[in-house]
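*Asks:* I have a structure I would like to understand better, so I am pasting it below and will then ask my questions one at a time.
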Amino acid sequence: MSNENPLTRAEMAQRVAADIPYGSVVNLGIGIPTSVSNYLTPEQDVILHTENGMLGMGPEAHGDEIDNDLINAGKIPVTELPGASYFHHADSFAMMRGGHLDIAVLGAFQVSAAGDLANWHTGAEDAIPAVGGAMDLAVGAKNVFVMMELTTKKGESKLVDHLTYPVTGLACVTRVYTEVAVFDIDTVSGASGTPRVTVTAMFGDTTLASLRDLTGIPLVDGTTNSPTKGIS
Amino acid sequence: MSNENPLTRAEMAQRVAADIPYGSVVNLGIGIPTSVSNYLTPEQDVILHTENGMLGMGPEAHGDEIDNDLINAGKIPVTELPGASYFHHADSFAMMRGGHLDIAVLGAFQVSAAGDLANWHTGAEDAIPAVGGAMDLAVGAKNVFVMMELTTKKGESKLVDHLTYPVTGLACVTRVYTEVAVFDIDTVSGASGTPRVTVTAMFGDTTLASLRDLTGIPLVDGTTNSPTKGIS
Amino acid sequence: MINKLHDSVDEALADIPDGATVMIGGFGQAGQPIELIDGLIRHGATDLTIVNNNAGNGEFGLALLIKSGFVRKIICSFPRQVDSQIFDERYRAGLIELEVVPQGNLAERIRAAGAGIGGFFSPTGFGTLLAEGKETRTIDGKNYVLESPIHADFSLIKAHAADPMGNLVFRKTARNFGPIMATAAKTTIVQVTDVVALGALDPENIITPGIYVNRIVQISQGATA
Amino acid sequence: MINKLHDSVDEALADIPDGATVMIGGFGQAGQPIELIDGLIRHGATDLTIVNNNAGNGEFGLALLIKSGFVRKIICSFPRQVDSQIFDERYRAGLIELEVVPQGNLAERIRAAGAGIGGFFSPTGFGTLLAEGKETRTIDGKNYVLESPIHADFSLIKAHAADPMGNLVFRKTARNFGPIMATAAKTTIVQVTDVVALGALDPENIITPGIYVNRIVQISQGATA
Chain A
209 MSNENPLTRA EMAQRVAADI PYGSVVNLGI GIPTSVSNYL TPEQDVILHT ENGMLGMGPE
269 AHGDEIDNDL INAGKIPVTE LPGASYFHHA DSFAMMRGGH LDIAVLGAFQ VSAAGDLANW
329 HTGAEDAIPA VGGAMDLAVG AKNVFVMMEL TTKKGESKLV DHLTYPVTGL ACVTRVYTEV
389 AVFDIDTVSG ASGTPRVTVT AMFGDTTLAS LRDLTGIPLV DGTTNSPTKG IS
Chain B
209 MSNENPLTRA EMAQRVAADI PYGSVVNLGI GIPTSVSNYL TPEQDVILHT ENGMLGMGPE
269 AHGDEIDNDL INAGKIPVTE LPGASYFHHA DSFAMMRGGH LDIAVLGAFQ VSAAGDLANW
329 HTGAEDAIPA VGGAMDLAVG AKNVFVMMEL TTKKGESKLV DHLTYPVTGL ACVTRVYTEV
389 AVFDIDTVSG ASGTPRVTVT AMFGDTTLAS LRDLTGIPLV DGTTNSPTKG IS
Chain C
274 MINKLHDSVD EALADIPDGA TVMIGGFGQA GQPIELIDGL IRHGATDLTI VNNNAGNGEF
334 GLALLIKSGF VRKIICSFPR QVDSQIFDER YRAGLIELEV VPQGNLAERI RAAGAGIGGF
394 FSPTGFGTLL AEGKETRTID GKNYVLESPI HADFSLIKAH AADPMGNLVF RKTARNFGPI
454 MATAAKTTIV QVTDVVALGA LDPENIITPG IYVNRIVQIS QGATA
Chain D
274 MINKLHDSVD EALADIPDGA TVMIGGFGQA GQPIELIDGL IRHGATDLTI VNNNAGNGEF
334 GLALLIKSGF VRKIICSFPR QVDSQIFDER YRAGLIELEV VPQGNLAERI RAAGAGIGGF
394 FSPTGFGTLL AEGKETRTID GKNYVLESPI HADFSLIKAH AADPMGNLVF RKTARNFGPI
454 MATAAKTTIV QVTDVVALGA LDPENIITPG IYVNRIVQIS QGATA
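As you go down the protein sequences, you meet chains A, B, C and D in turn.
In terms of the working numbering, the first sequence is residues 209 to 440.
In terms of the working numbering, the second sequence is residues 209 to 440.
In terms of the working numbering, the third sequence is residues 274 to 498.
In terms of the working numbering, the fourth sequence is residues 274 to 498.
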């Protein structure tokens with residue numbers, strides 16, 4: 209699929225940030241999802257959770273602010289905001305697993321039409337497995353947003369009918385942000401065998417036909433609705 | 209069994225207190241076991257746990273010391289000692305269940321030769337069941353000491369071959385203090401089917417023969433050893 | 274700025290429906306949210322399932338709620354006390370259902386609900402009447418009972434101080450069930466003595482992070498409902 | 274008076290035997306007890322099973338311990354990092370065994386060991402390679418994997434301050450695995466920056482009660498092993 213005017217990564221992050229409802233508690237995954245924090249406004253009052261035991265994480269620390277005891281999941285020094293709290297690892301993941309986070313934003317190798325997520329293992333024979341908190345976030349957060357390019361370097365769709373990469377979590381992804389479109393996944397229908405993927409926004413010269421062609425998924429047209437659908 | 213010179217309840221409590229090793233972490237059950245605290249010396253450095261979320265509990269509070277937010281398991285106002293800490297109920301019972309308390313001292317209706325404990329329910333048809341933390345203490349503490357009169361008002365032994373009252377915990381009691389004798393129970397052997405109950409001390413004019421006769425248990429004579437046996 | 278402070282008890286409790294499962298904090302009187310309980314009685318929702326360590330003491334708070342007849346069932350560890358006459362009477366008259374749970378299993382089941390655990394094997398209660406009908410398993414030579422999480426629709430708890438985001442600190446043994454019940458309910462309502470400014474609580478010392486708190490009502494010390 | 278303070282790292286670690294399971298606190302560098310790890314290398318116990326979130330960064334601490342060849346197996350959630358070259362090399366050479374556990378299951382399994390739980394049903398990892406061969410169960414329509422506790426012989430952790438009884442407070446995200454690892458080991462050894470007098474820590478703010486701590490070693494800030 210060719211597209212002359214896709215979103216840049218910064219624009220994708222901006223889009224995700226704009227879609228996060230007021231007062232949400234959010235975990236931003238390592239890598240590109242972390243950049244979403246650059247576009248959150250103070251008025252959104254979003255509370256950031258980091259798996260290593262903190263709510264109310266502030267921006268990256270610089271200069272004198274750097275404290276090696278205060279880092280994020282990517283082990284980068286960060287700051288604390290008023291109202292922050294610290295807790296141990298079992299409490300941190302209880303918070304996650306217990307469904308208390310509103311949104312986790314994660315990267316992905318693949319997402320299936322049923323909302324299955326693959327983002328922890330390439331499946332390569334000689335790869336050293338390392339999962340971190342990915343599986344916990346996938347099953348724990350109320351909403352899992354994925355940020356990824358829609359296609360691989362070879363031009364294959366990463367939104368697929370069935371995963372070919374090892375699973376991180378089943379029926380967990382609720383929305384996928386890509387450089388050419390945003391997809392909402394109805395995981396409830398998906399779990400009962402009738403997955404439903406709706407295209408809620410398209411960028412540049414993307415067409416629904418081209419997305420259907422690329423993904424092979426019977427995408428539903430949701431672009432006529434309001435651009436930002438509510439989350440549960 | 210007649211005995212003209214049994215221990216008083218205060219003497220029993222004194223005896224239990226004297227047997228608690230230096231630095232032990234101890235939970236004293238509601239009722240008579242609570243009185244053991246009256247005989248612990250500062251030199252013993254015993255740390256008292258109360259199930260409602262505290263280590264380092266001090267003596268009962270009086271007058272201006274009374275704070276309704278600081279109570280023991282019997283809901284009596286108490287005080288805090290230097291080095292005390294507070295924690296929530298799940299943490300308090302994790303501490304208990306996880307085997308971190310050295311000794312629990314409990315009352316009992318019956319104890320069996322295998323170390324089974326009955327202390328929560330009379331078995332009466334119309335009794336309202338109420339268990340509190342009894343079952344958690346029974347299985348959680350490294351050593352469970354029971355304090356009880358050896359006989360019922362009808363003269364029946366409360367140290368029995370098999371419980372007739374509803375079970376609180378199986379193979380958990382390690383020592384029984386009564387007004388006429390102290391019994392050590394080898395629960396490890398008990399669990400494998402060969403219970404072994406040793407009499408380690410007798411008071412007044414008690415004889416081993418009279419104890420065997422009363423209990424119907426093949427009691428081992430351990431009174432020639434040191435009066436206070438070590439605990440695990 | 275996030276502000277979870279509500280003006281009144283009645284407003285904070287207004288949406289509790291008939292048939293709700295409501296956890297109520299406290300161990301005896303310590304940590305018992307008396308003013309919220311009094312509000313729940315005024316509110317009048319019926320057919321409630323109540324989770325608490327006890328079944329009320331004396332003639333106030335939880336005991337009064339039970340007396341009101343709004344409680345269909347109580348899940349607790351220790352109903353029978355010297356001053357539990359109100360519960361005792363209704364129980365003997367067959368007017369209230371009782372599920373007795375060993376105290377540590379009660380606490381762990383509440384925690385499990387908040388922590389997304391589907392069930393856990395506890396050694397407590399094995400071989401007793403309270404484990405009858407429950408699945409058991411021997412693991413590494415030790416016997417366990419499978420216990421389930423207890424979820425609630427609402428938790429009513431008492432804390433010492435809150436900031437506007439709902440971060441909480443407690444006082445002494447009044448902490449007891451508060452922090453775990455806050456995690457196990459869809460909606461947690463807290464009565465506090467003090468409300469402090471955002472940032473006034475040391476992040477190292479917060480016991481319940483605000484994520485677990487939905488509504489805060491301030492009850493001045495010594496106030497009556 | 275109870276005093277768990279030891280004079281030196283080497284003395285505190287002296288009885289760790291070959292074949293021990295040793296939990297080591299820290300998430301990356303934060304909370305990693307570097308001086309205790311350096312001591313463990315000097316001590317020379319072999320055939321160790323190490324539990325940590327990671328498998329070492331750079332050329333210090335846990336990475337050096339792995340390089341020493343004393344580690345037979347590591348249980349962790351995230352071994353592969355940009356600077357995990359020491360682990361990577363030994364793993365590819367077949368010189369170290371690896372058990373990868375989702376981070377939340379790792380934390381909960383450690384907590385379960387300390388809390389006397391025989392096993393628990395976790396939704397994390399269901400349907401993935403990491404649940405292969407494990408018992409699964411559907412509870413109320415949700416899928417779970419049965420996970421087991423992880424017990425340790427020793428835990429080596431880092432805290433900010435301790436009193437002589439071993440009550441601990443931590444600093445910021447350096448808290449991470451410290452409090453739960455302290456509960457899961459037969460013997461817990463803590464390195465701290467500050468030692469304070471008994472009573473100097475507010476009982477409301479103690480994160481790890483002294484009951485979970487066996488030995489304390491003070492490491493002055495900025496000290497090298």
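Virtual Cβ for every residue (Gly too), placed ideally from N, Cα, C.
Predicted model only: the values in this text are computed from it and were never measured.
(1) Counting only the same chain and skipping the five closest in sequence on each side, list residues whose C-beta sits under 7 Å from that of C/Ala385.
(2) What are the start and end residues of the alpha helix (DSSP H) that includes C/Asn378?
(3) Please report the Cβ distance between B/Ala316 and B/Val354, rounded to the nearest whole angstrom; I am assuming they are in contact, meaning their Cβ atoms lie under 8 Å.
(4) With 8 Å as the threshold, decide whether the Cβ of D/Gln376 is near any Cβ in chain A.
(5) What is the rounded straight-line gap between the Cα of C/His279 and the Cα of A/Ala225?
(6) Have a look at D/Ile314, D/Asn330, D/Asn478 and D/Lys445 and flag the residue whose alpha-carbon is nearest the alpha-carbon of D/Lys431.
(7) Keeping to the same chain, check which residues put their C-beta closer than 7 Å to that of D/Arg363; ignore five residues upstream and five downstream.
(8) If we define contact as Cβ-Cβ less than 8 Å, is A/Gly484 a contact residue for chain C?
(9) Find the nearest neighbour of C/Asp283 within the set C/Asp311, C/Met274, C/Arg365 and C/Gly301, judged by alpha-carbon distance.
(10) State yes or no: is the C-beta of C/Phe343 within less than 8 Å of the C-beta of C/Leu379?
(11) Given C/Ile492, which residues of its chain have a CB within under 6 Å of its CB, disregarding the five upstream and five downstream residues?
(12) Just to confirm before moving on: does the CB-CB distance between D/Ala425 and D/Val295 stay below 8 Å?
(13) Report yes if the CB atom of C/Ala447 is closer than 8 Å to the CB atom of C/Gly387, and no otherwise.
(14) Could you pull the DSSP bridge partners for D/Glu370 from this structure?
(15) Can you have a look at C/Met274 and say buried or exposed, based on whether 16 or more other CB atoms are within 10 angstroms of its CB?
(16) Less than 8 Å between CB atoms is the rule here; does C/Ala498 satisfy it with respect to chain B?
(17) Using 8 Å as the threshold, is the segment 345-358 of chain C in touch with the segment 331-338 of chain B, meaning 3 or more CB pairs across them?
(18) I think D/Val442 touches D/Ile479, with their Cβ atoms under 8 Å apart; what is that distance to the nearest whole Å?
(19) What does a CB cutoff of less than 8 Å around B/Ser293 pick up in its chain, not counting 5 residues either side in sequence?
(20) Is A/Met343 closer than 8 Å to A/Gly306 when the C-beta atoms are compared?
(21) Which residue marks the beginning of the beta strand (DSSP E) containing B/Leu314, and which one marks its end?
(22) What are the residues of the segment 367-396 of chain D that lie near chain C, defined by any Cβ-Cβ distance shorter than 7 Å?
(23) Have a look at B/Thr382, B/Gly282 and B/Thr406 and flag the residue whose alpha-carbon is nearest the alpha-carbon of B/Thr395.
(24) How about D/Phe399: is its C-beta nearer than 8 Å to some C-beta of chain A?
(25) Is the beta carbon of A/Val313 closer than 8 Å to that of A/Leu358?
(26) Where does C/Asp467 sit, in a helix, a strand or coil, going by DSSP?
(27) Name the two residues that bound the continuous alpha helix (DSSP H) containing C/Tyr364.
(28) Which one of B/Ser232, B/Val405, B/Asn213 and B/Leu248 has the shortest CA to CA distance from B/Gln222?
(29) In chain order, which continuous runs of the alpha helix (DSSP H) of length 4 or greater are located wholly inside the segment 331-395 of chain B?
(30) Indicate whether B/Tyr373 and B/Gly331 have their beta-carbon atoms separated by less than 8 Å.
(31) Would you decide whether A/Thr432 is buried or exposed? Buried here means 16 or more other CB atoms lie within 10 Å of its CB.
(32) When you check each C-beta in the segment 465-497 of chain C against every C-beta of chain D, which residues fall closer than 9 Å?
(33) Kindly examine the ligand MN and report whether one of its heavy atoms sits closer than 7 Å to the Cβ of D/Val465.
(34) Of all Cβ atoms in chain D, is any one closer than 8 Å to the Cβ of A/Gly398?
(35) Starting from A/Ala218, follow the alpha helix (DSSP H) in both directions and report where the run begins and ends.
(36) Who are the Cβ neighbours of D/His433 in its own chain at under 6 Å, not counting the five residues just before and after it?
*Replies:* Quick answer:
(1) Counting from 1 along the third sequence, the entry for residue 385 of chain C is found at position 112. Closer than 7 Å at Cβ, skipping near neighbours: Phe393 and Pro422.
(2) What you label residue 378 of chain C is simply residue 105 of the third sequence in a count that begins at 1. Per DSSP, C/Asn378 belongs to the alpha helix (DSSP H) from Gln376 to Ala388.
(3) In the second sequence, residue 316 of chain B corresponds to position 108, counting from 1. In the second sequence, residue 354 of chain B corresponds to position 146, counting from 1. Contact holds; Cβ gap of about 5 Å.
(4) Locating residue 376 of chain D in the fourth sequence gives position 103, where the first residue counts as 1. Yes, its Cβ sits closer than 8 Å to a Cβ of chain A.
(5) As a first step, residue 279 of chain C must be located in the third sequence, where it is residue number 6. As a first step, residue 225 of chain A must be located in the first sequence, where it is residue number 17. The C-alpha of A/Ala225 is placed about 29 Å away from the C-alpha of C/His279.
(6) The residue labelled residue 431 of chain D in the question sits at position 158 within the fourth sequence. Ranked by how close their Cα comes to the Cα of D/Lys431, the residues D/Ile314, D/Asn330, D/Asn478 and D/Lys445 have D/Lys445 in first place.
(7) Taking the fourth sequence and counting its residues from 1, the one referred to as residue 363 of chain D is at position 90. Sequence-distant partners of D/Arg363 (beyond 5 residues in either direction) whose C-beta falls short of 7 Å from its own C-beta, in its chain, are Ile339 and Ile369.
(8) Past the edges of chain A, shown from 209 to 440, lies residue 484 of chain A, and the structure says nothing about it.
(9) Walking along the third sequence from the start, residue 283 of chain C turns up at place 10. In this structure, C/Asp311 is the residue among C/Asp311, C/Met274, C/Arg365 and C/Gly301 with its C-alpha nearest to the C-alpha of C/Asp283.
(10) Taking the first residue of the third sequence as 1, we reach residue 343 of chain C at position 70. Taking the first residue of the third sequence as 1, we reach residue 379 of chain C at position 106. No, these two residues do not count as a Cβ contact at 8 Å.
(11) On the third sequence, residue 492 of chain C is found 219 positions in, with the first residue counted as 1. In its chain, beyond the 5 residues on either side, Glu308 and Gln464 have a beta carbon closer than 6 Å to the beta carbon of C/Ile492.
(12) Within the fourth sequence, residue 425 of chain D is the residue found at index 152, counting from 1. Within the fourth sequence, residue 295 of chain D is the residue found at index 22, counting from 1. Yes. Within cutoff.
(13) Looking up residue 447 of chain C in the third sequence gives position 174. Looking up residue 387 of chain C in the third sequence gives position 114. Contact flag unset, no.
(14) The count along the fourth sequence starts at 1 and reaches residue 370 of chain D at position 97. In the DSSP assignment, the residues bridged to D/Glu370 are D/Lys346.
(15) Within the third sequence, residue 274 of chain C is the residue found at index 1, counting from 1. C/Met274 comes out exposed.
(16) Working through the third sequence from its first residue, we reach residue 498 of chain C at position 225. Because C/Ala498 carries a pLDDT of 39, less than 50, the predicted location of this residue cannot be relied on, and the following value inherits that uncertainty. Taking Cβ atoms only, chain B never reaches closer than 8 Å to C/Ala498, which makes this a no.
(17) With a cut-off of 8 Å, the segment 331-338 of chain B and the segment 345-358 of chain C count as touching, because enough Cβ pairs lie within range.
(18) The residue labelled residue 442 of chain D in the question sits at position 169 within the fourth sequence. The residue labelled residue 479 of chain D in the question sits at position 206 within the fourth sequence. With a Cβ gap of about 7 Å, D/Val442 and D/Ile479 count as contacting.
(19) As a first step, residue 293 of chain B is located in the second sequence; it is residue number 85 there, counting from the start. Met262, Leu263 and Gly264, listed in sequence order.
(20) What you label residue 306 of chain A is simply residue 98 of the first sequence in a count that begins at 1. What you label residue 343 of chain A is simply residue 135 of the first sequence in a count that begins at 1. No, the pair does not count as a contact, with Cβ atoms beyond the cut-off.
(21) Indexing the second sequence from 1 puts residue 314 of chain B at position 106. Annotation: the continuous beta strand (DSSP E) that includes B/Leu314 extends over Ile311 to Leu314.
(22) Residues of the segment 367-396 of chain D whose Cβ lies closer than 7 Å to any Cβ of chain C, in chain order: Gly389, Ile390, Gly391, Gly392, Phe393, Phe394, Ser395 and Pro396.
(23) As a first step, residue 395 of chain B must be located in the second sequence, where it is residue number 187. Residue nearest to B/Thr395 within the set B/Thr382, B/Gly282 and B/Thr406 is B/Thr382 (criterion: CA-CA distance).
(24) Position 126 of the fourth sequence, counted from the start, is the residue given in the question as residue 399 of chain D. Closer than 8 Å: yes.
(25) The residue you call residue 358 of chain A lines up with position 150 of the first sequence. The residue you call residue 313 of chain A lines up with position 105 of the first sequence. No, these two residues do not count as a Cβ contact at 8 Å.
(26) Within the third sequence, numbered from 1, the residue matching residue 467 of chain C stands at position 194. In the structure shown, C/Asp467 sits in a strand (DSSP, three-state: E or B).
(27) As a working mapping, residue 364 of chain C is identified with position 91 in the third sequence. It spans Gln358 to Arg365 - the alpha helix (DSSP H) in which C/Tyr364 sits, taken as one unbroken run.
(28) To locate residue 222 of chain B, count along the second sequence from 1; it is residue 14. Nearest neighbour of B/Gln222 by Cα position, chosen from B/Ser232, B/Val405, B/Asn213 and B/Leu248, turns out to be B/Leu248.
(29) Considered as a whole, the segment 331-395 of chain B harbours 342-348 as its complete alpha helix (DSSP H) runs of no fewer than 4 residues, in chain order.
(30) Taking the first residue of the second sequence as position 1, residue 373 of chain B is located at position 165. Taking the first residue of the second sequence as position 1, residue 331 of chain B is located at position 123. Cβ atoms of B/Tyr373 and B/Gly331: closer than 8 Å.
(31) For the purposes of this step, residue 432 of chain A is taken as the residue at position 224 of the first sequence. Exposed, since its Cβ has fewer than 16 Cβ neighbours within 10 Å.
(32) Cβ contacts with chain D come from Asp475, Pro476, Glu477, Asn478 and Ile480.
(33) As far as ligands go, the structure on display features none, and thus does not contain the ligand MN.
(34) Along the first sequence, read from residue 1 onward, the residue named residue 398 of chain A stands at position 190. With a pLDDT of 46 at A/Gly398, under the threshold of 50, the modelled position of this residue cannot be trusted; read the value that follows with caution. The C-beta of A/Gly398 comes no closer than 8 Å to any C-beta of chain D.
(35) Residue mapping note: residue 218 of chain A aligns to position 10 of the first sequence, counting from 1. Unbroken alpha helix (DSSP H) run through A/Ala218: Arg217 to Asp227.
(36) Stepping through the fourth sequence from its first residue, residue 433 of chain D is reached at position 160. Taken in chain order, the residues that qualify are Val442, Phe443, Arg444 and Thr466.
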